[in-house]
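Numbering that gives the first Met the number 0 numbers the first residue of the sequence shown as 0 and each following residue consecutively.
Read the structure below first, then the notes.
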Amino acid sequence: MVGRQDCPGITLLTLMELYARIDAMEAENPGSSVEVAVSYLEVYNETVRDLLQPGKPLQVQEAGQQVLVPGLSYHKPRDADHLMELLAEGNRNRTQHPTDANAESSRSHAVFQVSHV
Numbered sequence: 000m001v002g003r004q005d006c007p008g009i010t011l012l013t014l015m016e017l018y019a020r021i022d023a024m025e026a027e028n029p030g031s032s033v034e035v036a037v038s039y040l041e042v043y044n045e046t047v048r049d050l051l052q053p054g055k056p057l058q059v060q061e062a063g064q065q066v067l068v069p070g071l072s073y074h075k076p077r078d079a080d081h082l083m084e085l086l087a088e089g090n091r092n093r094t095q096h097p098t099d100a101n102a103e104s105s106r107s108h109a110v111f112q113v114s115h116v
């Protein structure tokens, strides 16, 4: 999904396209700006953790049709490269345990959320 710089995956291609469209929109509309915010969380053994600001476990709350995670950090990347650095940082913080099939397998679920603000 992520790929490499020489062979980008769908994640990198999508983020590059996102920033290309933001740049084009801002060029067409001088004075306008779009900010991007990202968060990255992990769910492992029914525990929710912030992968970009590790610390105490977080609690998931429902508010009507919304799911909220109070205390989850949000970061504003400068560009697609910075956003990929944040993704890599979060991946390094994921829970890893060896399995029979893979020496470094993540046994958790992760949500990497990209929003415009």
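All C-beta atoms in this analysis are idealised placements derived from N, C-alpha and C, irrespective of residue type, glycine included.
For residue i, is the classification buried or exposed, using 16 other Cβ atoms within 10 angstroms of its Cβ as the cut-off for buried?
i	result
valine 37	buried
aspartate 49	buried
alanine 26	exposed
alanine 23	exposed
Rounded to the nearest angstrom, what separates residue i and residue j at their Cα positions?
i	j	result
leucine 11	glutamine 60	30 Å
arginine 77	glutamate 88	15 Å
asparagine 44	asparagine 92	15 Å
Kindly identify the DSSP beta-bridge partner or partners of residue i.
i	result
proline 7	Gly2
histidine 74	Val37
Quick one, which of the options has its alpha-carbon nearest residue i's?
i	options	result
tyrosine 73	Glu16, Pro29, Val113, Arg3	Val113
leucine 82	Val66, Glu16, Cys6	Glu16
leucine 51	Leu67, Glu41, Gln95	Glu41
tyrosine 39	Val110, Arg20, Val116	Val110
What are the boundary residues of the alpha helix (DSSP H) that includes residue i?
i	result
arginine 106	First-last for arginine 106: undefined, no H or E at that position.
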